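Chains as they are written, first to last, in UniProt numbering: chain A, 1 to 216; chain S, 1 to 216.
Here a beta-carbon is modelled for each residue, glycine too, at the ideal position from N, C-alpha and C.
This one's a predicted model, so the numbers in the text were calculated from it and none came from an experiment.
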């Protein structure tokens, strides 16, 4: 992760929001609406929701959005130009309809924390969060924990342990904390717990002090 | 994973498609269109694409889909009732707009394999696949590899190693193979490689012979 001017627990207050919170902006509203469509598509009645008409309407919207899209290389420069926190990642990005999106805050003890209730699109076993989705979320949370700890890096190794099925449709707490920095090696841990405090998934990550350069 | 009547490499031909390939059905077309919207939303011009109007249209579609949605408990029974292969998971599901979706085939050597080109919604570092997305995909691929191997289970541990950044916008090969079954413990490995055969991400998974019961 490119730190930019990312806040750290030494320089900022307890409860500092570390992710890009949804803004009162058209793109945020449109993405939130797209997220509703993704979720409702999985829930709606396959036989009686006139899905061929829905397909036409969605394709028409996609055509419109694509007509107004710059070349990918140009868009990449634009999306990486700006604040240290991005708005487009698949976990916390308010502009990414794949993201739940999770809001993470930094605590004065050096950890980061967020709450999320996951729904149908994130299902693995019946009624449960997909194990890979938990890994996706935790990888991202550890990255944000590293930034809050003051030393970011790229994931080198992720060891994810599944202790019990993680429920959909219930509030979950996600946490991360940078444990040590030794030379270029960064060790970070995290977990997903239920509201009752039961640990569903825990993770240990090894990160390396490195970054992919921003496009320009 | 609930095996149902899932094909295995001992009973089926080389190249058997193990995932639910997109069908010529309204829900598949509507989901494919939603996927286009998710992708184009990240690429379009924030200032000139009339995104407030797009938000209105998408919310109207979501309202329509939700009006036709049964209760979640009822829908869960329906979505898990049927073939051993599901159509709604976030990696291979043609009915899930979050899924790329990846088609996996089983080979006669016991491995499973698929190709995918990932785009903007799956971005982590600039121009690269999010490390957590790679973990998500690999967890799912190992699950399918276990089914093809003849003994499925639930993820207990996932050890993901990142060897080099994984590129967006280029064809990637994903593979998985069940290595051993000892009592209830299943060991499975997998990787994501570039077209040149460079390994970007590798994974070792430990699975336990267990399953969350299907809702009824």
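- If you look at residue 117 of chain S, you'll find it in the beta strand (DSSP E) that goes 111 to 117.
- Note on residue 179 of chain A: under 16 other CB atoms within 10 angstroms of its CB, so exposed under the neighbour-count rule.
- The beta carbon of residue 52 of chain S sits closer than 6 Å to none of the beta carbons in its chain outside the five residues before and after it.
- When DSSP reads this structure, residue 202 of chain A sits in a beta bridge with A:161 and A:191.
- Residue 44 of chain A sits away from residue 58 of chain S, with the two beta carbons spaced by 7 Å or more.
- Cβ-Cβ distances below 6 Å link residue 7 of chain A to 16 in the same chain, with the five nearest sequence neighbours on each side left out; the list follows chain order.
- In the structure shown, residue 18 of chain A adopts coil according to DSSP, grouped into three states.
- Taking 7 Å as the cut-off, the Cβ atoms of residue 81 of chain S and residue 90 of chain S do not count as close.
- Residue 68 of chain S and residue 54 of chain A have their C-alpha atoms some 12 Å from each other.
- Separation of residue 9 of chain S and residue 141 of chain A (C-alpha to C-alpha, rounded to the nearest whole angstrom) is 38 Å.
- If you draw a straight line from the Cα of residue 76 of chain S to the Cα of residue 120 of chain A, it comes to about 9 Å.
- A direct Cα-to-Cα measurement between residue 197 of chain A and residue 165 of chain A gives close to 14 Å.
- For residue 154 of chain S, the closest C-alpha among the options S:211, S:107, S:88 and S:175 is that of S:211.
- In terms of Cβ geometry, residue 190 of chain S and residue 138 of chain S form a close pair [threshold 7 Å].
- One thing to note: residue 62 of chain S has its Cβ no nearer than 7 Å to the Cβ of residue 174 of chain A.
- Residue 31 of chain A: member of the alpha helix (DSSP H) spanning 26 to 43, first to last residue.
- Neighbours of residue 154 of chain S across chain A, judged by C-beta separation under 8 Å: 125, 131, 162 and 165.
- Residue 134 of chain A is not a Cβ neighbour of residue 177 of chain A, given a cutoff of 7 Å.
- Looking at the DSSP output, residue 154 of chain A shares a beta bridge with A:208.
- Spanning the alpha carbons of residue 108 of chain S and residue 13 of chain S requires a straight line of approximately 7 Å.
- Per DSSP, residue 76 of chain A is one residue of the alpha helix (DSSP H) stretching across 72 to 79.
- Proximity of residue 65 of chain A to chain S, defined by a Cβ-Cβ separation below 7 Å, is satisfied.
- As a beta-bridge residue in DSSP terms, residue 186 of chain S pairs with S:181 and S:207.
- Within the DSSP secondary-structure output, residue 106 of chain S pairs in a beta bridge with S:16 and S:112.
- Per DSSP, the continuous alpha helix (DSSP H) segment holding residue 143 of chain A begins and ends at 131 to 149.
- For residue 59 of chain A, the uninterrupted alpha helix (DSSP H) run begins and ends at 51 to 67, by DSSP.
- The residue among A:149, A:126, A:92 and A:34 with its C-alpha nearest the C-alpha of residue 213 of chain S is A:126.
- Taking the Cβ atoms as the reference, residue 186 of chain S lies roughly 6 Å from residue 151 of chain S, within the contact range of under 8 Å.
- The beta carbons of residue 102 of chain A and residue 114 of chain A sit about 5 Å from each other, so the pair counts as a contact at 8 Å.
- Residues of chain A with a Cβ closer than 7 Å to the Cβ of residue 6 of chain S do not exist, since the nearest Cβ in that chain sits about 15 Å away.
- Interface annotation for the segment 82 to 99 of chain A against chain S: 88, 89, 90, 91, 95, 96, 97 and 98, criterion Cβ-Cβ distance under 8 Å.
- For residue 41 of chain A, the nearest CB of chain S lies under 7 Å from its own CB, placing it at the interface with that chain.
- When beta bridges are read from the DSSP output, residue 167 of chain A appears opposite A:128.
- The shortest C-alpha to C-alpha distance from residue 169 of chain A to any of S:73, S:216 and S:163 is the one to S:73.
- Rounded to the nearest whole angstrom, the CA to CA distance from residue 149 of chain S to residue 20 of chain S is 18 Å.
- At least one beta carbon of chain S lies nearer than 7 Å to the beta carbon of residue 128 of chain A.
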